[in-house]
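Read the structure below first, then the notes.
In my numbering, the protein residues as written are 121 to 365.
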């Protein structure tokens, strides 16, 4: 839980006698766990209905301890589960109403149809451009750069496959180690080659006239994709001489 600052003489601008916090104080409270948090991000989360701070007669935002904790939950769910803000808001609202809800998982989009990752939890299939930018904490120009390298691509209607959230988050994390998006083109090319190999294997099943055979192609694709991902990870670990947990 986050602590609101005490109402000492040096903190009159940060808090009121009622324990409410200014947006600057909220930023400081969150920064230890979320070093990339900004005032603009907090304002954006407010505009998306994730938190509703009180307003002074002069229009200044004042956040309660509950507001700060809710912001922390939102940021954790973005960071750890790559969930769109709409889904996070609905989940937290349901929890606060006392409903027994399961944390959604991000699913994938294929030919306009959502493909669940697990039957145990609801999935999220799409995310808008603005929400992708906010979730990843990047600007529009950065996203355009990533798109130019083929790392991300919008769907025909301008939205993104929910897997884009995972890709964006990983690109950001790799960037902290000095690995720039242009360096990742080799990974994208390798992924495309692996996907092409899988497609080549299942193509005869997909073209079959028997619906059951075509349905079997879906399962075979997922099975081969899983094996390809495991092999890729094992080869990278072997090349680097490390073993991941």
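C-beta atoms are modelled at their ideal positions from N, C-alpha and C, and glycine is treated no differently. The model shown is predicted, which means the values in this text are computed figures rather than measured ones.
Range of the contiguous alpha helix (DSSP H) that encloses residue 336: As a working mapping, residue 336 is identified with position 216 in the chain shown. It spans 331 to 360 - the alpha helix (DSSP H) in which residue 336 sits, taken as one unbroken run.
For a test of the three-state rule: what should DSSP assign to residue 157, helix, strand or coil? One-based indexing of the chain shown puts residue 157 at position 37. Shown here, residue 157 sits in coil according to DSSP, grouped into three states, outside any helix or strand.
Mind checking residue 211: buried by the 16 CB within 10 Å criterion, or exposed? Counted from its first residue, the chain shown places residue 211 at position 91. Label assigned to residue 211: buried.
Simplified DSSP state of residue 281, which is helix, strand or coil: Indexing the chain shown from 1 puts residue 281 at position 161. For residue 281, the three-state secondary structure derived from DSSP is strand.
Can you give me the C-alpha to C-alpha distance between residue 285 and residue 142, rounded to a whole angstrom? What you label residue 285 is simply residue 165 of the chain shown in a count that begins at 1. What you label residue 142 is simply residue 22 of the chain shown in a count that begins at 1. Counting only the Cα atoms, residue 142 lies some 30 Å from residue 285.
Neighbour-count burial assignment, residue 207, 16 or more Cβ in a 10 Å radius: Within the chain shown, numbered from 1, the residue matching residue 207 stands at position 87. Buried, by the Cβ-count rule.
Provide the residue span of the alpha helix (DSSP H) that contains residue 324, from first to last. Stepping through the chain shown from its first residue, residue 324 is reached at position 204. From DSSP, the alpha helix (DSSP H) with residue 324 extends over 305 to 326.
Based on Cα-Cα distance, which residue from 301, 263, 188, 351 lies nearest to residue 163? Translated into the one-based positions of the chain shown, residue 163 becomes position 43. The shortest C-alpha separation from residue 163 is found at 188.
Rounded C-alpha distance that separates residue 288 from residue 325: Numbered from 1 along the chain shown, position 168 holds the residue referred to as residue 288. Numbered from 1 along the chain shown, position 205 holds the residue referred to as residue 325. The alpha-carbon atoms of residue 288 and residue 325 are separated by roughly 33 Å.
Identify every residue that forms a DSSP beta bridge with residue 247. Indexing the chain shown from 1 puts residue 247 at position 127. When DSSP reads this structure, residue 247 sits in a beta bridge with 280.
Enumerate in chain order the residues of its own chain whose CB-to-CB distance from residue 266 is below 7 Å, with the five nearest sequence positions on each side excluded. Translated into positions along the chain shown, residue 266 becomes position 146. Excluding positions up to five away in sequence, the list reads 272, 291, 301.
Residues near residue 274 in its chain [Cβ-Cβ closer than 8 Å; skip 5 each side]: Looking up residue 274 in the chain shown gives position 154. 249, 267, 280.
Our contact map puts residue 156 next to residue 257 with C-beta atoms below 8 Å; I'd like the distance itself, whole angstroms only. On the chain shown, position 36 is the one that residue 156 refers to. On the chain shown, position 137 is the one that residue 257 refers to. The pair is a contact, with the Cβ atoms about 5 Å apart (cut-off 8 Å).
Secondary structure of residue 181, DSSP reduced to three states: Numbered from its first residue, the chain shown carries residue 181 at position 61. Of the three classes helix, strand and coil, the one that applies to residue 181 here is strand, per DSSP.
Between which two residues does the alpha helix (DSSP H) containing residue 363 stretch? Within the chain shown, residue 363 is the residue found at index 243, counting from 1. Here residue 363 belongs to no alpha helix (DSSP H), and DSSP marks it neither H nor E.
Could you give the first and the last residue of the continuous alpha helix (DSSP H) run that contains residue 146? Along the chain shown, one-based indexing puts residue 146 at 26. First-last of the alpha helix (DSSP H) with residue 146: 143 to 151.
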